[in-house]
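*Asks:*
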Amino acid sequence: MFDQWLEELEGTRVATAISESTWAFPTIETVHVLAIALVVGSITMVDLRLLGLSLRRRPIGELLVEVLPWTWISFTVAVISGALLFASAATHYWGTAPFRAKMLLLGLAGANMLVFHFAVHRRLPAGATTGESALAGKISGGISLCLWIGIVGCGRWIGFV
Amino acid sequence: MKALIHWLGNTGLSNSIKTVTWIIPGVQVIHILAISVVVASMGMFDLRLLGWAGKRDSIAASAARFLPWLWGALLVLLVSGSILIIGEPERSLDNTVFQLKMALLVTAVCVTLGFRGLLVRDLSAGAVDLRPEHGLAAKLVGGLSLCLWVGIVTAGRWIAYAG
């Protein structure tokens, strides 16, 4: 069932146009890399702050409000461009280990973010800097940093199999 | 150039980089992670120069916050990039897109260094931040730097496809 859906996806006009064109894939891939650079770079700022390694004088809440809109916009661009790249050879990518690992790590990064948001951040008093739940923040920031390094690693690895 | 590529490609270091299969992908991952740091920190700084984000901080504070990340990440990029060049010199050195990338990179670094010089001069002359008469220069530098870095990332990815 799912395999058939992947084949249908690969056979859509958009997917065949991308795989048959010489410039479409590299162009979409360039957009994907730029978007990922912004996602990873902005998340790293938040993670380093949570770990207490940078921007220590600035309240976490303030940093989140400033940085996260950029993260989400870039993430949306990365998902759309990534979906187009995936569609161009869906059956191939689905069968590779690094693609599956990347999706798994992305899921874990999302779960980590939700846990941090609902279980830790929302319970902080407004304007809190450090102190309250600093350890929870550090754990969440450290996990996030490792997961995103893994996501970039798997992403690059997809191109080699 | 051909002789250099031939010599570099036959050094012991180049051969070990080529034979150990995980070195090139591994170093590319480090290279991409360092590019993320540059793109995000320069993006924030350039947007501040343009006056589009982070206006709560002075330009001097923004420079003090983000430029150290730029220099640190550039060092990582230089080392990881050099390993990739030594491993596959014919893929990069002889490639027009690679040469374009290097030209854009040198321009971007010079633009930022030049602006930093201007800022340091204003500050050491007793100003609290960049002097208002240099506001247009800040906007131009911010816009130019942003375009240059998008160009550098784009050229970097296209080395694999064109040239």
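Quick note, the sequences are listed as chains A and B, same order.
Quick note: the first sequence uses my numbering, first residue 1, plus one each step.
Quick note: the second sequence uses my numbering, first residue 1001, plus one each step.
Built from N, CA and C at the ideal position, the CB exists for glycine as well.
1. Could you check the C-alpha separation between B:T1154 and A:L106 for me, to the nearest Å?
2. Would you mind stating whether B:P1089 and B:G1151 have Cβ atoms separated by less than 8 Å?
3. How far does the alpha helix (DSSP H) with A:N112 in it reach, from first residue to last?
4. Between the Cα of A:G137 and the Cα atoms of A:P59, A:W157, A:I80, which residue gives the shortest distance?
5. Please classify A:E132 as buried or exposed, where buried requires at least 16 other C-beta atoms within 10 Å of its C-beta.
6. What do you reckon, are the CB atoms on A:I43 and A:S140 nearer than 8 Å?
7. A:M45 by DSSP, collapsed to three states: which one?
8. Using the three-state DSSP reduction, which class does B:V1020 fall into: helix, strand or coil?
9. Could you round the C-beta distance between B:S1080 and B:A1034 to whole angstroms and report it? I think they count as a contact, below 8 Å.
10. Short of 9 Å Cβ to Cβ, which residues in the segment 1058 to 1087 of chain B face chain A?
11. Is the segment 1045 to 1064 of chain B in contact with the segment 1115 to 1123 of chain B, if contact means three or more CB pairs nearer than 8 Å?
12. Just the C-alpha distance for A:D3 and A:L147, rounded to the nearest angstrom, thanks.
13. Would you mind stating whether A:T96 and A:I158 have Cβ atoms separated by less than 8 Å?
14. So is B:W1158 in contact with chain A if we call contact Cβ pairs under 8 Å?
15. Can you tell me which of A:G153, A:I36, A:A101 puts its alpha carbon nearest to the alpha carbon of A:S81?
16. Taking the alpha helix (DSSP H) that A:A119 falls in, what are its first and last residues?
17. Take B:K1139 and list the residues in its own chain whose beta-carbon comes closer than 6 Å to its own, dropping the five residues that flank it on each side.
18. Shortest alpha-carbon distance to A:T30 belongs to which of A:A119, A:F160, A:F118, A:L85?
19. Which residues of the segment 1089 to 1114 of chain B have a Cβ closer than 9 Å to any Cβ of chain A? Give them in chain order.
20. Which term fits A:F116, buried or exposed, when burial requires 16 or more other beta carbons within 10 angstroms of its beta carbon?
21. Give the DSSP-derived three-state secondary structure of B:I1159 in the structure shown.
22. Can you say whether A:E62 is buried or exposed, counting buried as having 16 or more other CB atoms within 10 angstroms of its CB?
23. Is DSSP giving A:S54 helix, strand or coil here?
24. With distances taken between CB atoms, is the gap from A:F75 to A:V39 smaller than 8 Å?
25. According to DSSP, simplified to helix, strand and coil, what is B:L1050?
26. Name the two residues that bound the continuous alpha helix (DSSP H) containing B:M1102.
27. Please decide whether A:S88 counts as near chain B, where near means a Cβ-Cβ distance under 8 Å.
28. Mind checking A:R13: buried by the 16 CB within 10 Å criterion, or exposed?
29. Give the range of the alpha helix (DSSP H) segment to which A:T16 is assigned.
30. Assuming contact is defined by CB atoms lying nearer than 8 Å, are B:S1145 and B:M1042 in contact in what I supplied?
31. Would you mind reading off the limits of the alpha helix (DSSP H) that contains A:P59?
32. Take B:L1067 as the anchor and find which of B:V1106, B:L1013, B:A1040 has the nearest alpha-carbon.
33. At the level of alpha carbons, what is the spacing between A:E10 and A:W94?
34. Using three-state DSSP, classify B:K1139 as helix, strand or coil.
*Replies:* Walking through what the data contain:
1. Taking the first residue of the second sequence as position 1, residue 1154 of chain B is located at position 154. Taking the first residue of the first sequence as position 1, residue 106 of chain A is located at position 106. Distance between the alpha carbons of B:T1154 and A:L106 is about 24 Å.
2. Indexing the second sequence from 1 puts residue 1089 of chain B at position 89. Indexing the second sequence from 1 puts residue 1151 of chain B at position 151. In this structure, B:G1151 does not lie closer than 8 Å to B:P1089 by Cβ.
3. The residue given as residue 112 of chain A occupies position 112 in the first sequence. Its alpha helix (DSSP H) spans residues 97 to 115.
4. As a working note, residue 137 of chain A is residue 137 in the first sequence. Closest by alpha carbon: A:P59.
5. Mapped onto the first sequence, residue 132 of chain A falls at position 132. Caution is warranted here: a pLDDT of 49 is assigned to A:E132, below 50, making its placement in the model unreliable, and the coordinate value is therefore given only provisionally. The residue is exposed, with fewer than 16 neighbouring Cβ atoms inside 10 Å.
6. Here residue 43 of chain A refers to the residue found at position 43 of the first sequence. Here residue 140 of chain A refers to the residue found at position 140 of the first sequence. It is not a contact, given that the beta carbons lie outside the stated cut-off.
7. Reading the first sequence from its first residue, position 45 is the one you call residue 45 of chain A. Per DSSP, reduced to three states, the secondary structure at A:M45 is helical.
8. Taking the second sequence and counting its residues from 1, the one referred to as residue 1020 of chain B is at position 20. Three-state result, B:V1020: coil.
9. As a working mapping, residue 1080 of chain B is identified with position 80 in the second sequence. As a working mapping, residue 1034 of chain B is identified with position 34 in the second sequence. About 7 Å; that satisfies the 8 Å criterion.
10. When CB distances to chain A are screened at a threshold of 9 Å, the residues of the segment 1058 to 1087 of chain B falling below it are R1065, W1069, in chain order.
11. yes
12. As a working note, residue 3 of chain A is residue 3 in the first sequence. As a working note, residue 147 of chain A is residue 147 in the first sequence. Roughly 28 Å between the two C-alpha positions.
13. Working through the first sequence from its first residue, we reach residue 96 of chain A at position 96. Working through the first sequence from its first residue, we reach residue 158 of chain A at position 158. Result yes, Cβ atoms of A:T96 and A:I158 sit closer than 8 Å.
14. Taking the second sequence and counting its residues from 1, the one referred to as residue 1158 of chain B is at position 158. Judged by the 8 Å Cβ criterion, B:W1158 is in contact with chain A.
15. Position 81 of the first sequence holds residue 81 of chain A. If we check each option's Cα against that of A:S81, A:I36 comes out closest.
16. If you number the first sequence from 1, residue 119 of chain A lands on position 119. No alpha helix (DSSP H) contains A:A119, which DSSP labels as neither H nor E.
17. Position 139 of the second sequence, counting from 1, holds the residue named residue 1139 of chain B. Taken in chain order, the residues that qualify are L1050.
18. Taking the first sequence and counting its residues from 1, one reaches residue 30 of chain A at position 30. Of the listed residues, the one whose Cα sits closest to A:T30 is A:L85.
19. none
20. Within the first sequence, numbered from 1, the residue matching residue 116 of chain A stands at position 116. Classification for A:F116: buried.
21. Here residue 1159 of chain B refers to the residue found at position 159 when the second sequence is read from its first residue. In the structure shown, B:I1159 sits in coil (DSSP, three-state: anything other than H, G, I, E or B).
22. As a position in the first sequence, residue 62 of chain A is number 62, starting the count at 1. Flag for A:E62 reads exposed.
23. In the first sequence, the residue the question calls residue 54 of chain A occupies position 54. Note: A:S54 maps to coil in three-state DSSP.
24. Taking the first residue of the first sequence as 1, we reach residue 75 of chain A at position 75. Taking the first residue of the first sequence as 1, we reach residue 39 of chain A at position 39. Contact: yes.
25. Against the second sequence, residue 1050 of chain B aligns to sequence position 50. Under the three-state reduction of DSSP output, B:L1050 falls in the helix class.
26. The sequence position of residue 1102 of chain B within the second sequence is 102, counting from 1. Note, B:M1102: alpha helix (DSSP H), 1096 to 1124.
27. Here residue 88 of chain A is taken as the residue at index 88 of the first sequence, counted from 1. No - not a single Cβ of chain B is within 8 Å of the one on A:S88.
28. Along the first sequence, read from residue 1 onward, the residue named residue 13 of chain A stands at position 13. Classification for A:R13: exposed.
29. Residue mapping note: residue 16 of chain A aligns to position 16 of the first sequence, counting from 1. A:T16 -> alpha helix (DSSP H) spans 13 to 20.
30. For the purposes of this step, residue 1145 of chain B is taken as residue 145 along the second sequence, with counting starting at 1. For the purposes of this step, residue 1042 of chain B is taken as residue 42 along the second sequence, with counting starting at 1. Closer than 8 Å, so yes.
31. To locate residue 59 of chain A, count along the first sequence from 1; it is residue 59. Careful: A:P59 lies outside any alpha helix (DSSP H) and carries neither H nor E.
32. Residue 1067 of chain B sits at position 67 when you count from the first residue of the second sequence. The shortest C-alpha to C-alpha distance from B:L1067 to any of B:V1106, B:L1013, B:A1040 is the one to B:A1040.
33. Looking up residue 10 of chain A in the first sequence gives position 10. Looking up residue 94 of chain A in the first sequence gives position 94. One C-alpha to the other measures close to 11 Å.
34. Stepping through the second sequence from its first residue, residue 1139 of chain B is reached at position 139. Looking at B:K1139 - three-state DSSP - the assignment turns out to be helix.
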